[in-house]
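In the numbering used here, the protein residues as written are 849 to 1080.
Glycine included, each C-beta is placed from N, C-alpha and C at the ideal position.
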Amino acid sequence: MSKLKELNEKNHFQIHSVEDERFQKYGRILRFFPAEDLARRAEEYTTIPEKGNTYVASLPELEEADGVSKIRDVIYGGFPIQVGYCNGRNSTINGFEYHKTSEINLALTDYCLALGHRFDISPELTYPAEKAEFFYVPKGTVFEMYGTTLHLSPLKTRDEGFKNIVILPRGTNTPLSEEEKEEARRAHAKGHLESCLLLQKSKWVISHPEREPLIKQGAHPGVIGDNIELKY
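Written out as structure tokens, the structure reads:
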């Protein structure tokens, strides 16, 4: 039995293949990217934590890998990028984030993603969890997620957890300065409601109210419904 079929038999929601045409409104598969050296370095320099997730925005050993410059030049038009990773044992959606640029991922293990569209966040800054669509990503897949795509951590499909490379414009997901936080507060007070979702540089987050670590960081608790868990 295929892993995708097994996951669909264990869960009450539909899980699609990332190769399915339904994924095309969220992103695309990148078949040209030579990922072998990057994957080898990730195995050498990154591990899966015993609990929770680990996210590192930039790791020099990954940024020196063969082929990274091709992503910089072809996908980001020569704009400076960072190469980091997100490894962990998460199995619940917890919330969603978006950037205003594409994000490139390399799946070092298989995993699932819960995806949505940022334009489905209501004017009241709520998002129904039931609107999310789920996709199975096989190990070795390199793909782009568009800046309109809601996403967060991968969901593990095996006990040992997941490993994922994350490529973004340099500075993304790094802390805001106090001046930048204050500017966001002023904008929100003047009616620019999206500003209360800004959690880090180029990182807008809407959290499930049950996800305490995100709430403690200041994330807006706007995801409505169950904090959906993937059974594997």
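Residue i lies in the beta strand (DSSP E); which residues open and close that run?
i	result
SER865	863–865
ARG876	875–877
LYS1011	1010–1017
GLU1026	From DSSP, GLU1026 is part of no beta strand (DSSP E) but of the alpha helix (DSSP H) over 1026–1037.
LYS853	Note, LYS853: premise wrong, no beta strand (DSSP E); alpha helix (DSSP H) at 851–858.
GLN930	929–936
TYR903	901–904
TYR984	981–985
PHE871	Element bounds for PHE871: n/a, residue is neither H nor E.
GLU992	990–993
May I ask you to check if the CB of residue i is nearer than 7 Å to at least one heavy atom of the ligand ADP?
i	result
ASN935	With respect to the ligand ADP, the structure shown offers nothing to examine, as it has no ligands at all.
Out of curiosity, what's the CA-to-CA distance linking residue i and residue j?
i	j	result
ARG879	GLU1030	42 Å
THR1020	GLU992	16 Å
ASN1012	ILE877	15 Å
PRO1002	CYS1044	24 Å
PHE871	PHE983	8 Å
HIS1008	GLY926	In the sequence as presented, His is not what sits at residue 1008; that position holds Glu. About 36 Å.
GLU854	LYS979	22 Å
ARG937	HIS1036	34 Å
VAL931	VAL990	13 Å
ALA1032	HIS1068	13 Å
TRP1052	LEU910	25 Å
VAL904	LYS1038	34 Å
LEU1041	HIS864	33 Å
PRO882	LYS918	9 Å
TYR874	THR997	6 Å
Does DSSP put residue i in a helix, a strand or coil?
i	result
LEU973	coil
HIS1068	strand
LYS918	helix
PHE967	helix
ALA955	strand
GLU945	strand
SER1043	helix
ILE1054	strand
PHE881	coil
LYS1103	The requested residue 1103 does not occur in the structure, where the chain is confined to residues 849 to 1080.
LEU1000	coil
Could you spell out where the alpha helix (DSSP H) holding residue i opens and where it closes?
i	result
LEU886	884–893
GLU909	908–911
Would you say residue i and residue j are within 8 Å of each other, going by their C-beta atoms?
i	j	result
ASP885	ASP921	no
LEU973	GLY1070	yes
LEU907	TYR924	no
PRO897	PRO1017	no
TYR1080	THR1022	no
LEU1047	GLY1066	yes
TYR946	PHE1010	no
HIS999	LEU961	yes
SER1082	LYS948	Limits of the chain in this structure are 849 at one end and 1080 at the other, which puts residue 1082 out of reach.
ASN988	SER950	First, the amino acid is wrong: residue 988 is Gly here, not Asn. No. Outside cutoff.
VAL985	VAL866	yes
LEU1078	ASN935	no
Taking 8 Å as the cut-off, does the region 1052–1068 touch the region 924–944 (at least 3 CB pairs, one atom from each stretch)?
By the criterion of at least three beta-carbon pairs nearer than 8 Å, the region 924–944 is in contact with the region 1052–1068.
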